[in-house]
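See structure below.
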Amino acid sequence: MAVYDSRTREARVFAPITPPRVGLYVCGLTPYAPAHIGHGRTFVVFDVVARSLRRWGYRVFYVQNVTNLDDKLIARAAEEGIDPLALAERHFAEYARTMERLGVRSVDYLPFATDYIPEILAQIRALVDRGFAYRAADGSVYFEVARFPGYGKLSRQNVAELRPGARVEVDPRKRAPEDFAIWKAATPGEPSWESPWGPGRPGWHIEDTAMTGRLFGPRYDLHGGGVDLIFPHHEAEVALSESATGEAPLANYWMHCGLLLLRGEKMSKSLGNVAPLDASVDKAGPGPLRLYYLNAHYRSPLDFDPDRSLDEAREAYARLRQPFDRISEALERGGPDREGTEPPGPLGDEAEALVERLDATLADDFNSREAIALLFGWARRLGELSGSLDAIAPAGLERIRAPYDWASEVLGLFEERRAAPEDRSSRVVDVAIAARARARARGDFAESDRIRDELRAAGIDVEDGAAGSRWRRSGPG
RNA sequence: GCCGAGGUGGCAGAAUGGUUAAUGCGACGGACUGCAGAUCCGUUUCCUGGGGGUUCGAUUCCCUCCCUCGGCUCCA
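If you count the first sequence from 1, position 132 lands on 151 in my numbering, and the numbers rise without skipping.
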């Protein structure tokens, strides 16, 4: 398995510190507002990373932090007149529901920043004691970048050439513009904790290193997040942890997910170009949305067009899953004891070889796009024999379904199909279809069309073919 | 200004120092159908930002220019 490490800027063979265990840490959400479709990309990508590693035998401990207290949360909560921690809780609950719908279930632990205050204070203490951090007059504590010579090695930034204040105003309490707050002095009315430097709350960067220090130790295997976090956030994490512990590197591999752009630009509240994640799951369905995300290399930027991207993904997803549905239906119809033939030709062997190839493709820096292209090839292959599936014995059907099972396990596709097999065997629908068949047989197309329209209104699509009528649920797949 | 990622057909997006540059969407044609949709098959063999260079051969490697996007100390 090889992964592109954004620290060394090259693809490297993956070797965990203590195999088969893998510590995976991904920067999660600051739940000050509902998650948008760009967040979804990052979390689906790392869901596939975790699924893949587990499939290949690694025992992954996947941690994704939740920054449940920061300036934006406090500002937003003040607008709404509620407690910032409660606001975070509310948006986090929605986020968790959306992740569940999207099939993102690989995360083992979602620690909240405010649950790690003792670890944060301990790390600040270590940094102050070692001379890497200083207390400002108001009781805030800052990390002094000039004391850490390795600063910039992750992002390859040169401190002298940065442009302070480009996006965020420079805090006058700092000794140097590049210093950053690790403890923020309390403001009346905001949540705060006692500390040796006065009451306050944690800065952003130190929450991650306090958590990983506690959960993984001074070094761990894999750190992920969006590319927009490389600087300053991840650079600050490196500086904090390596200064506090004296051990390096903090993470052996850094994976950075490309941004999802909305018509060429990053989503932001100020531009007003935010596509909410939950509504996108509603519109596209979990499977198509995952397909959309995974249909680009994770490191590439991905351009989202709200007018067409989700529709395209739905069309493609429906096409991809068609043979899978046919196989599953054939299996359900006959039961495991149904008699039948072997799959024609060497198809079963091809399926086996394809699964190996899919694993190899994903093992090459998680090239999900290439894997999807291979899966479409398999769909085409199976489409050629769609009519004769019924003749194949259950064991044979399961063999040729193997690439789809792979896609389900690793990419998280087609899970909705598995979750709701009862949709396929609704007696009521079968009765309506039978009534419509009788109407068609006697040439009563007005009645036949009326039944079809009513079924469609109820979310059932009817398809007429040579072998009779078939039906399926319409709507998000 | 500095750091980084990109520029591939109508659109979204892969890949590779070498026969027709994947895959999907869309479009077109056909099969199926009472019609439609869905599905299946086929076609879309004049697509690699501009200019240099290395090479027998460059979309791929090197240089340069242009453009877009991201970051520059609280963004997935």
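Where a beta carbon is used, it is the ideal one built from N, C-alpha and C, also for glycine.
Query                                                                                           : Result
Whether His242 touches Leu43 by CB criterion (9 Å)                                              : yes
Exposure label - Phe464; buried when at least 16 CB within 10 Å                                 : exposed
Burial state of Pro35 (16 or more Cβ within 10 Å)                                               : buried
Local Cβ density within 10 Å of Leu290, reported as buried at 16 or more and exposed below that : exposed
Distance CB(Phe343)-CB(Arg420) smaller than 9 Å                                                 : yes
Three-state secondary structure assigned by DSSP to Asp322                                      : strand
Inter-residue CB distance, Leu278 and Gly236 (contact presumed, cutoff 8 Å)                     : Wrong, their Cβ atoms sit about 31 Å apart, outside the cutoff.
Of the listed residues Val300, Arg352 and Tyr317, nearest to Thr333 (C-alpha basis)             : Reading off the sequence shown, one finds Arg at residue 333, where the question assumed Thr. The shortest Cα separation from Arg333 among Val300, Arg352 and Tyr317 belongs to Val300.
Assigned exposure category for Ile101 - 16 Cβ within 10 Å defines buried                        : exposed
Residues bridged to Arg78 (per DSSP)                                                            : Arg40
Secondary structure of Gln341, DSSP reduced to three states                                     : helix
Spatially closest choice to Phe323 from Leu281, Leu339, His316 and Lys288, by CA coordinates    : Leu281
Reference Glu434; option with closest CA among Cys46, Leu394, Leu121 and Ala141                 : Leu121
Opening and closing residue of the beta strand (DSSP E) in which Phe162 lies                    : Val160 to Phe162
Supposed close pair Ala179, Glu163 - CB separation, criterion 8 Å                               : Contact doesn't hold; Cβ gap of about 16 Å is too wide.
Those residues which DSSP pairs with His58 across a bridge                                      : The partner list for His58 (beta bridge, DSSP) is empty, contrary to what the question assumes.
Span separating the alpha-carbon of Ala205 from that of Ala335                                  : 52 Å
Where Tyr317 sits in the DSSP three-state scheme                                                : coil
Selected residue, minimal CA-CA separation from Glu254, among Val147, Ala107, Glu417 and Gln176 : Gln176
Minimum C-alpha distance to Glu371 - residue among Leu269, Leu416, Val450 and Pro325            : Leu416
Alpha-carbon to alpha-carbon, Val481 and Arg461                                                 : 19 Å
DSSP three-state assignment for Pro221, whether helix, strand or coil                           : strand
Three-state secondary structure (DSSP) of Phe433                                                : coil
Contact check, Arg95 vs Leu106, beta carbons under 9 Å                                          : yes
Assigned secondary structure, Thr49 (DSSP; H/G/I helix, E/B strand, else coil)                  : coil
Lys193 burial status per 10 Å Cβ neighbour count (16 or more: buried)                           : buried
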